[in-house]
Every structure is written in structure tokens, then in C-alpha cells.
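Encoded as C-alpha cells, the structure appears first; notes follow it.
Protein chains: 2
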Amino acid sequence: MDNKAFFHKFVAFTTAVHQMTHEITKGVKSDVITPVQYSILEYIAVSQPVTLSQISDCQHMSMPNTSRELKKLSEKNLCEKFAVAEDRRKQFIRLSKDGEAMMNEAFKHIETRFLQRIKDVSEEELEEIDRALDVLNTKVFHSGKSL
Amino acid sequence: MDNKAFFHKFVAFTTAVHQMTHEITKGVKSDVITPVQYSILEYIAVSQPVTLSQISDCQHMSMPNTSRELKKLSEKNLCEKFAVAEDRRKQFIRLSKDGEAMMNEAFKHIETRFLQRIKDVSEEELEEIDRALDVLNTKVFHSGKSL
DNA sequence: CTCTTTACTTATCATTTGACAATCAAATCG
DNA sequence: CGATTTGATTGTCAAATGATAAGTAAAGAG
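Going line by line, the protein sequences match chains D and V. With the first letter of the first sequence counted as 1, position 55 gets the number 55 in the UniProt record's numbering; the numbers rise by one all the way through. With the first letter of the second sequence counted as 1, position 89 gets the number 89 in the UniProt record's numbering; the numbers rise by one all the way through.
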């Protein structure tokens with residue numbers, strides 16, 4: 001197999017994924033938060049409880065900046081901090097009731113658009129897509145795989 | 001097939017794609033340009049020649065801001081503007097020699113990391129991945145498919 | 001030939017974001 | 001125990017980004 005061609009195909013693919021993600025999430029961000037803040041909330045939503053350091057690592061932002069944004073989110077009552085019993089330096093961060101509500105709303109919108117997009121796809125094709133996702137997940141993206 | 005579960009799987013997948021893209025492109029951006037400018041150059045590189053409007057549409061930024069960033073890129077001698085014969089309001093934008101060099105360098109880095117990542121994958125598995133990419137490209141991401 | 005629309009530019013402004021230095025308290029190491 | 005490391009905070013700064021208003025010139029419509 002031609003590696004060069006494969007690479008190009010791959011680049012085109014990731015571009016398409018980014019493009020679609022943008023389309024499908026366009027407008028779901030509440031106007032009381034910034035894009036970075038939305039991204040943080042999304043991460044908390046799927047990974048809670050998380051520590052500040054984890055957010056900092058995964059969102060690729062410095063601790064000071066993460067701390068600042070988290071503070072703003074707390075002030076907007078979208079997330080809450082909890083002490084961690086084992087290590088009192090750490091804090092667990094979770095969505096607040098309001099935060100949960102906001103993110104549920106956002107995900108609902110996204111899901112609706114997603115279902116809209118695959119509505120004309122047959123059951124067999126869905127199975128096919130499902131297998132394709134499995135293949136790529138395990139063989140290429142494999143979460144946790146070292147660079 | 002359970003739509004809800006399928007949706008979650010899909011979200012996890014796109015997250016992994018974004019994550020990997022970030023890893024693989026980390027550090028390739030020359031320090032003389034900003035992230036937005038890099039993204040514009042990347043777009044020009046794969047789509048040139050493009051007009052300012054096209055960049056504005058695809059990068060989801062306003063015309064004034066696109067114009068500004070493009071002006072900066074021109075001043076850095078990374079891209080050039082050409083008159084369009086058929087419509088003198090328009091301009092075609094291409095990478096300059098320097099711009100080409102910079103993007104070739106960037107893509108080379110990305111490709112190296114990509115190949116590194118798939119180096120332990122067998123030939124059959126590559127074929128499998130290739131088919132998976134085709135499936136997702138045509139059935140889900142299908143460039144140009146209306147929302 | 002006007003009127004309108006399109007493609008783009010310039011200027012300006014507020015906000016967001018990223019980077020850095022300094023600090024603090026709890027945990028861990030020697 | 002003291003020294004160092006880790007997790008987090010605060011404050012400050014400059015740069016990047018996004019948004020808007022206003023303007024120009026060419027193209028197209030009536």
C-alpha cells in the first residue's frame with residue numbers, strides 16, 4: 001500500500017471530521033460562555049469527576065489559565081469543586097445542576113443533528129459504519145496509545 | 001441498532017480524532033505565525049488557488065478578519081494574491097515559495113509522526129483501515145453533504 | 001445609465017486567550 | 001526533621017481573535 005497516498009487520504013479524512021464536528025456543534029454553545037469554556041465543560045461532562053490538572057493536560061492549557069477559566073465557570077454556577085479526601089491539594093470538579101442542564105441541552109442538539117445526518121442510512125450500513133469506527137478506534141486512534 | 005449508544009460511540013470517536021490531530025500536529029506550527037494563520041495556510045495549501053471569500057467561508061471567519069490575517073501572511077511573504085481575469089473584484093491566493101517551503105516542512109513532520117503511529121500495523125490491517133476510511137467518508141462525512 | 005449586489009479593505013474596539021512570575025499549602029523525599 | 005515537589009491560585013501583561021461600521025471598486029440587474 002502506498003504510504004504517501006494513504007497519508008493524504010488520512011489528512012482528508014481528519015479534515016472532514018473536523019468540518020463535520022464544526023457544523024454539527026455550531027450554535028450549541030450558550031452565549032454566556034466562551035469557546036474555551038464550552039470545551040472545558042464538554043470535557044468535564046464526559047469525564048467527571050476530574051481534577052484541575054487533568055483539565056489542564058487534556059485541554060492543553062496552563063494551570064494558571066485553567067484555574068482562571070474554572071473560576072469563571074464556578075462563578076457562573078456551571079461547575080463545582082470538591083475536596084479530594086486522599087490528597088488535600090487536589091480538587092475534584094463536577095458539573096453543577098445548571099451545568100448539567102446546559103450540557104444536556106447542548107448534547108441533545110448535537111444528537112438531533114447527528115441523527116438527522118444518518119437518517120437515510122440503512123441498518124446494514126449502520127452496522128458497517130459501526131465496524132469501521134471500531135477498526136479506526138482500535139488500530140489508529142486507540143485512546144491512550146503513546147505517540 | 002441503538003441510536004443512543006451509536007451516538008456516544010461517535011462522539012468518542014470524533015474526540016479521539018481531535019485528540020490525535022492535536023498530538024500529531026503539535027509543534028509543527030512555525031513560531032512566526034499564529035494558530036489561525038497556520039490553519040489558513042493549511043487550507044490554502046490543499047485547495048489553492050482560493051479566493052478570500054472561500055477562505056472566509058471554510059475557516060468560519062468574517063471577511064474583514066480574513067482580509068486582515070491574509071494581509072499579515074502576505075507581509076510575511078507566505079502567500080501571494082493574483083488578480084482573477086474573469087472578475088476583477090476577486091483575487092486568487094496561493095502560497096508563495098516561502099509558504100510552500102514552510103507547509104512542506106510542516107506536512108513532512110506530520111507525515112513522519114503519522115507513519116510512526118502506524119508502523120506496527122500489518123499490510124492487511126492497513127487495507128482494513130483504508131476500507132474503514134472509505135466507509136466513513138462516503139456514508140457519514142461525505143464532503144459536501146448538506147447538514 | 002442608475003441601482004444594487006458582490007468582493008474585498010481599512011479602521012477600531014472589546015474580549016478572549018496565552019504566557020509568566022510569584023505565592024501558598026499539602027505531600028513526599030532523603 | 002528540612003528540602004523539594006506537586007496541585008492549585010492570583011495577578012499582570014501582551015497578543016490574538018471576533019465583531020462592527022464604513023468605505024471602495026467592479027459586476028450585474030432593471
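For every residue, glycine included, the Cβ atom is placed at its ideal position computed from N, Cα and C.
Amino acids of chain D, ordered along the chain, whose beta-carbon sits closer than 9 Å to that of residue i
i: residue 123/V; result: 1
i: residue 9/V; result: 130, 133, 134 and 137
i: residue 40/V; result: Those within 9 Å of residue 40/V in chain D number zero; the least Cβ separation is about 14 Å.
i: residue 33/V; result: Here the premise fails: no neighbours, minimum Cβ distance about 18 Å.
Near the ligand COA: residue i beta-carbon under 8 Å from a heavy atom
i: residue 73/D; result: What this structure holds is no ligand at all, so the ligand COA is not there to describe.
Per-residue contacts from residue i into chain D (C-beta, under 7 Å)
i: residue 129/V; result: 135, 136, 139 and 140
i: residue 17/V; result: 14, 17 and 141
i: residue 55/V; result: Residues of chain D passing the Cβ test: none, with the nearest at roughly 14 Å.
Partner residues on chain V for residue i, Cβ-Cβ distance less than 9 Å
i: residue 22/D; result: 60
Bridge-paired residues (DSSP) for residue i
i: residue 50/V; result: 93/V
Residue i, buried or exposed, once every other Cβ within 10 Å from all chains shown has been counted against 16
i: residue 66/D; result: buried
i: residue 10/V; result: buried
i: residue 124/D; result: exposed
i: residue 140/V; result: buried
i: residue 20/V; result: buried
i: residue 85/V; result: exposed
i: residue 116/V; result: exposed
i: residue 50/D; result: buried
i: residue 105/V; result: exposed
i: residue 135/D; result: buried
i: residue 75/V; result: exposed
i: residue 5/V; result: exposed
i: residue 17/D; result: buried
i: residue 88/V; result: exposed
i: residue 68/D; result: exposed
i: residue 1/V; result: exposed
Chain-ordered chain D contacts of residue i [CB-CB under 8 Å]
i: residue 114/V; result: 7 and 10
i: residue 126/V; result: 1 and 6
i: residue 44/V; result: The premise fails here: residue 44/V is roughly 13 Å from chain D at the closest Cβ pair, so nothing lies under 8 Å.
Contacts that residue i makes with chain V (C-beta to C-beta distance below 7 Å)
i: residue 111/D; result: 7
Listed by chain order, chain V residues near residue i by CB distance under 8 Å
i: residue 93/D; result: Within 8 Å Cβ-Cβ: nothing; residue 93/D doesn't reach chain V, min ~18 Å.
Does the contact criterion of 3 or more C-beta pairs under 8 Å hold for the region 78–87 of chain V versus the region 100–107 of chain D? no
**Study point:** Inside the region 56–120 of chain V only - alpha helix (DSSP H) runs reaching at least 4 residues
**Key:** 63–75 and 97–117
Measuring CB atoms only, is the region 128–136 of chain V touching the region 54–68 of chain V, in the sense that at least three cross pairs come out at less than 8 Å?
no
Q. Which residue spans inside the region 7–44 of chain V form an unbroken alpha helix (DSSP H) run of at least 4?
A. none
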